[in-house]
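Worksheet: the structure to be examined is printed underneath.
Written out as structure tokens, the structure is:
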């Protein structure tokens, strides 16, 4: 059989699947582990289907192992932004919210959408992504322990200090590992040097940009990269009413967080960003709006520099 869509709703411990063919569904549930993946393959084979398309939401650590397992075995897998599935569900006026219903919804989305095959990140990018996320987790733990220290009973202060010391050691080790990982990979090193030429962008932002703007993502334009970061302006208006313009915030929150401080630094020290920001300020934009615009501008600069292979040149950009 052809034109078979498999919708997958995946969670931490299990995943629900809905096979959609000729407007009829078959539902099954599997454990989210190696045995569950194998049982899923057996279940699919029982139908004798060909040209099966598997559609699932991007849920990070929960979805990627299954997506990779199926793609490695020759299945067409498409990993979709959850916001797209949510918008599709709203258009159908769906009220039911169960794992089974969600799997069916994802299958229906896959039936009408132009699905793109998911391709796993190259190992060098995947490792870099894992290390940047590890830095984020260590910083979160460090902040939690620091907050405890502020109100801690004297009896446990030595313990908290010991944990903080360990976290500091791990942060230094992980940052060095990121530096060495980039330095030992010719492609990453070259792209890192290009990004490092942009005033305001430091090592942390470079690592995040190397992941976000990797060739794997294949953005056709800087505008697409900005949308990926959730920094595209969201305009609210209806008839004669016009609301505030905000950023979409439905993309890569880690990249937004990594670019915030660099944007503020670039506002002061990057001639291209400084002129851009001062123009916005003269037009009455507030500080937060200007910072978000500076973040967008940094992505545009990074995208252009990586695409051209030429380092940042303020004279050329201001010409």
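In UniProt numbering, the protein residues as written are 1 to 319. All C-beta atoms, glycine included, are put in the ideal place defined by N, C-alpha and C.
Within the same chain, and ignoring the five residues on either side of residue 208 in sequence, the residues whose Cβ sits closer than 7 Å to its Cβ are 132, 254, 255, 258.
By the neighbour-count criterion, in which a residue is buried when 16 or more other Cβ atoms sit within 10 angstroms of its Cβ, residue 295 is buried.
Remark: C-beta atoms of residue 109 and residue 88 approach each other more closely than 9 Å. Counting the other Cβ atoms within 10 Å of the Cβ of residue 275 gives fewer than 16, which makes it exposed. Exclusion of the five residues before and after residue 161 leaves 149 as the residues of its chain whose Cβ lies within less than 8 Å of its Cβ. By the Cβ criterion, the stretch 90-104 is not in contact with the stretch 45-55, since fewer than three pairs of Cβ atoms, one from each stretch, lie closer than 8 Å.
With respect to the 9 Å criterion, residue 302 and residue 231 are not classified as neighbours on the basis of their beta carbons. Residue 80 sits away from residue 114, with the two beta carbons spaced by 9 Å or more.
Taking C-beta atoms under 8 Å as the contact rule, residue 298 and residue 262 qualify, at a distance of about 6 Å. Around the beta carbon of residue 73, fewer than 16 other beta carbons lie within 10 angstroms, which makes this residue exposed.
The beta carbon of residue 27 is closer than 6 Å to those of 18, 100 in its chain, skipping five residues each way along the sequence. The C-beta separation of residue 63 from residue 10 comes to about 5 Å, placing the pair in contact by the 8 Å criterion. Residue pairing from DSSP places residue 7 in a beta bridge opposite 18, 55.
Measuring C-alpha to C-alpha distances from residue 214 to each of 7, 280, 304 identifies 304 as the nearest. Taking the C-beta atoms as reference points, residue 128 is found no nearer than 9 Å to residue 170. The residue among 35, 277, 300 with its C-alpha nearest the C-alpha of residue 291 is 277.
Straight-line spacing of the CA atoms in residue 5 and residue 226 works out to 31 Å. When beta bridges are read from the DSSP output, residue 31 appears opposite 14. Pairing residue 203 with residue 228 gives a Cβ-Cβ distance that is not under 9 Å. In the three-state reduction of the DSSP assignment, residue 25 falls in the strand class. In this model, residue 313 and residue 221 are separated by some 20 Å (Cα to Cα). The Cβ atoms of residue 311 and residue 193 sit closer than 9 Å to each other. Counting only the Cα atoms, residue 279 lies some 9 Å from residue 285. Residue ranges of uninterrupted alpha helix (DSSP H) with 4 or more members, entirely inside the stretch 110-188 and ordered along the chain, are 123-150, 157-183. In the DSSP annotation of this structure, the continuous segment of the alpha helix (DSSP H) that includes residue 64 starts and ends at 64-72.
For residue 91, no beta strand (DSSP E) encloses it; the enclosing alpha helix (DSSP H) starts and ends at 82-91. Cβ contact annotation for residue 210 (same chain, cutoff 8 Å, sequence separation greater than five): 125, 128, 182, 188, 191, 192, 195, in chain order. With fewer than 16 other Cβ atoms from the protein chains shown falling within 10 Å of its own Cβ, residue 287 counts as exposed. For residue 293, the uninterrupted alpha helix (DSSP H) segment begins and ends at 287-308.
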